Amino acid sequence: SQTIHQWPATLVQPVGSPLSLECTVEGTSNPNLYWYRQAAGRGLQLLFYSVGIGQISSEVPQNLSASRPQDRQFILSSKKLLLSDSGFYLCAAGVNQPQHFGDGTRLSIL
Amino acid sequence: DQQVKQNSPSLSVQEGRISILNCDYTNSMFDYFLWYKKYPAEGPTFLISISSIKDKNEDGRFTVFLNKSAKHLSLHIVPSQPGDSAVYFCAAMDNFNKFYFGSGTKLNVKP
């Protein structure tokens with residue numbers, strides 16, 4: 005079965021600092037990979053998805069970016085964080101099955 | 008524009024009774040629907056799914072109903088248990104394997 009590893013579990017960053025969140029997947033090859041954000045009191049918002057190495061689709065204009073350097077590695081980045089980037093970030097993987105999620109990263113911007 | 012909507016942000020049910028969580032969607036091209044359960048500070052976990060060719064799928068205490076003409080699906084939990092207290096998300100998948108999530112319904116099952 006698939007296992008999604010996300011780290012760190014929590015992160016506190018100052019406004020304007022850079023960000024790098026990493027997600028790795030075990031138990032499958034060539035998965036579709038997704039980054040979601042859950043802001044306080046709101047649902048899951050799709051940020052990026054990838055169908056293969058180097059292939060990234062962005063769903064929402066923002067100051068975040070994503071990269072997929074390896075088949076089972078998905079990275080969410082920012083050069084300068086904004087207060088509005090606070091939230092709970094989830095990585096997910098799936099092929100033709102229900103998506104599996106990591107445990108998420110709680111990001112707080114000060 | 009949200010394509011999957013859960014209009015009830017919260018639901019409170021007595022232990023042993025039925026919980027009914029509702030979800031509406033707008034895109035008639037969605038062909039696969041899922042329910043996830045999420046505890047605080049954890050990622051969602053898959054609960055149950057249904058293909059658009061069916062109108063009901065049952066797994067133990069959980070049953071999902073799909074009404075394609077109304078673009079509505081619901082999750083029934085019976086009997087409800089305190090451990091079912093969590094946020095429940097419905098999701099729909101399009102033919103590009105993209106998933107669209109509702110905003111979630113927080114279920115509280117009272118002992």
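Chains as they are written, first to last, in the numbering used here: chain U, 5 to 114; chain X, 8 to 118.
Glycine included, C-beta positions come from ideal geometry on N, C-alpha and C.
None of the values given here were measured: they were computed from a predicted structure.
Residue-chain proximity (residue i, chain X), Cβ-Cβ < 8 angstroms
i                      : result
residue 106 of chain U : yes
residue 20 of chain U  : no
residue 94 of chain U  : yes
residue 68 of chain U  : no
residue 110 of chain U : yes
residue 47 of chain U  : yes
residue 17 of chain U  : no
residue 103 of chain U : yes
residue 34 of chain U  : no
Any chain U beta carbon closer than 8 angstroms to residue i
i                      : result
residue 51 of chain X  : yes
residue 17 of chain X  : no
residue 29 of chain X  : no
residue 105 of chain X : yes
residue 1 of chain X   : In this structure chain X extends from 8 to 118, so residue 1 of chain X is not present and cannot be described.
residue 96 of chain X  : yes
residue 40 of chain X  : no
residue 2 of chain X   : One cannot answer for residue 2 of chain X here, as it falls past the ends of chain X, which runs 8 to 118.
Which residues DSSP lists as bridging residue i, in chain order
i                      : result
residue 39 of chain X  : X/58, X/100
residue 62 of chain U  : U/52
residue 98 of chain U  : U/36
residue 52 of chain X  : X/44
residue 64 of chain X  : X/71
residue 110 of chain U : U/14, U/92
residue 12 of chain X  : X/31
residue 42 of chain U  : U/48, U/92
Neighbour-count burial assignment, residue i, 16 or more Cβ in a 10 Å radius
i                      : result
residue 118 of chain X : exposed
residue 39 of chain U  : buried
residue 71 of chain X  : buried
residue 60 of chain X  : exposed
residue 62 of chain X  : exposed
residue 103 of chain X : exposed
Start and end residues, beta strand (DSSP E) containing residue i
i                      : result
residue 33 of chain X  : Careful: residue 33 of chain X lies outside any beta strand (DSSP E) and carries neither H nor E.
residue 68 of chain U  : 68-74
residue 17 of chain X  : 17-21
residue 115 of chain X : 112-117
residue 25 of chain X  : Looking at the DSSP string, residue 25 of chain X is not in any beta strand (DSSP E), and its letter there is neither H nor E.
residue 80 of chain U  : 77-82
residue 24 of chain U  : 23-30
residue 81 of chain X  : 79-84
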